[in-house]
Amino acid sequence: MLVTFILAIFIFRSEELIFTQAWLPILGGINFSLRSYHFSSFILIFLALFGILISLYSVRFMRGKERLREYYAYLLWTIAASSGAILASNLIVFLLFWGALGLLLYALLSLGSYRVATKGLFIIGASDFALILGVLFLYHLSGTLEIKEIGSIPLNSALSIFAFILLAIGALAKAGAMPFHTWIPEAAEKAPLPVMALLPASLDKLLGIYFLYRICLDFFYLYPNSGLSLLLMLVGSFTIIAAVMMALVQHDLKKLLSYHAVSQV
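Taking the working numbering, the leading residue of the sequence shown gets 34, the next gets one more, and so forth.
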């Protein structure tokens, strides 16, 4: 994990790094491409830092617990998949890493409760299905799978607006915004504490907000004071206010903290 943090700092200090490898011979050829630029490198540093902190905390908290090897394997794979999603420069590669995160979420939550893990997988899986549809529409609109080549598509057609909404659903669900938050308070009671600190409280927030940024500024041109920008503000404001109010009436400390984590969208 420390090596990951050092590599993240090295990537941040570099102006731009690009890795491309021919991968699938369909749709004109799909490349396994990764790219770092100033913002993705900045996010990568915090991702690695969160990974280090959670790993250090886990050493003591998870000592003597069952399925310890599974936990650390899932933890490392989660950090790796998160890094891949941030650095992905191809929409198919991005979906690969993003989908892996949903499966790893289930694996980590199952360490505490299979019922809660199934609920979390269902919600995240449904939002990922919306995300896949959004990517298909985005490909139809842009004619490319390379994120760097998409450009800012104007939101002046029904198809572009629909694609934006589908992609935003995937990002907001990952960030834990309402109404996609319901699995988080339940997981807080059952899942190991480091899992809750890693996913809904840090990595998922980081990834969801990062992807929403890419949607609004890189994929589409979101007009100021437009209906969609006001809709995003409404979802964010409602999540903040409602989650804090729900936290105030909780008598369980873990559920209280989970609602506060939801409110940080």
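The beta-carbon is built from N, C-alpha and C at its ideal position, and this holds for glycine as well.
With 16 other CB atoms within 10 Å as the buried threshold, where does S190 fall? Its Cβ having fewer than 16 others within 10 Å, S190 is exposed.
By Cβ distance, which residues of its chain are closer than 7 angstroms to L128, with the 5 residues on each side in sequence left out? Closer than 7 angstroms at Cβ, skipping near neighbours: I165 and V168.
Could you tell me the distance, in whole angstroms, from the CA atom of R68 to the CA atom of H284? A direct Cα-to-Cα measurement between R68 and H284 gives close to 45 angstroms.
Can you tell me whether DSSP reads E222 as helix, strand or coil? Here DSSP, grouped into helix, strand and coil, assigns E222 to helix.
Starting from S262, follow its DSSP beta bridges and name the residues at the other end. Beta-bridge pairing links S262 to no other residue.
Check whether G135 and I112 have beta carbons under 8 angstroms apart: For G135 and I112, no; Cβs fall outside 8 angstroms.
Taking DSSP's pairing of strands, which residues face R68 in a bridge? In the DSSP output, where bridge partners are listed per residue, R68 has I51.
Apart from the five residues just before and just after S142, which ones in its own chain have a Cβ nearer than 6 angstroms to its Cβ? Contrary to the premise, residue 142 reads as Leu rather than Ser in this sequence. Taken in chain order, the residues that qualify are V149, A150, G153, A220 and A224.
Is the distance from the Cβ of K238 to the Cβ of G203 below 8 angstroms? Taking 8 angstroms as the Cβ cut-off, K238 and G203 do not qualify as a contacting pair.
If I measure Cβ to Cβ from F197 and keep anything under 7 angstroms in the same chain, skipping five residues before and after, which residues do I get? Sequence-distant Cβ neighbours of F197 in its own chain, meaning closer than 7 angstroms and more than five residues away, are L188, I248, F253 and L261.
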